[in-house]
Amino acid sequence: MTTKAKLLAFTLDCAEPKRLAEFYHQITGYEIQYSEDEYAAVGDGTVSLYFGRVPDRKPVTWPSPDKQFHFDFRVPDVEKAVAEYVELGATKPEFQPGVTEEGTRWVVLQDPEGHLFCVCPSS
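Its first residue numbered 0, the sequence shown is counted upward by one per residue in the working numbering.
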């Protein structure tokens, strides 16, 4: 039987770890666990997001086959959350595959450093 692993953290390369930690603190409510110029972290006591400084990192464009991952976050009101997250520094790309004539299933945003995340309804 294979040894089962428990996710501890997900690490994001970024130019400004402190800035990104503050952004994800604001949208998730996770506590800032550590915040320095080279490294920062937020977490809820179970899972953490780490941010490591990589000054020359280039964000991918969206849509693009270069995308390697994205986060999905559930919220009670997608439209309200998107407006708040954009105010905090996220951007909303033009291409939105989750927004159709039938309604909004999810909205794709990019954090202040270009990492993709989706804002999804609670149910």
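Ideal Cβ placement from N, Cα and C applies to all residues, glycine included. Keep in mind it's a predicted model, so treat the numbers as computed, not measured.
In this chain, the beta strand (DSSP E) harbouring Thr10 covers Ala8 to Cys13.
Taking a 10 Å sphere around the C-beta of Leu7, we find fewer than 16 other C-beta atoms and assign the residue as exposed. Secondary structure note for Pro16: its alpha helix (DSSP H) is the uninterrupted segment Pro16 to Thr27.
Straight through space, the alpha carbons of Val41 and Tyr23 are spaced by roughly 7 Å. DSSP places Val77 in the uninterrupted alpha helix (DSSP H) bounded by Val77 to Glu86.
When secondary structure is reduced to three states using DSSP, Ser47 falls in the strand class.
Pairing Asp65 with Val59, the inter-Cα distance amounts to about 6 Å. When Cys119, Met0, Asp55 and Phe94 are compared, the shortest CA-CA separation from Val81 is found for Cys119.
When DSSP states are grouped into helix, strand and coil, Thr103 belongs to the strand group. Closest in alpha carbon position to Arg18, among Gly88, Gly44, Thr1 and Pro75, is Gly88. Counting the other CB atoms within 10 Å of its CB gives Glu112 a total of 16 or more, which places it among the buried residues.
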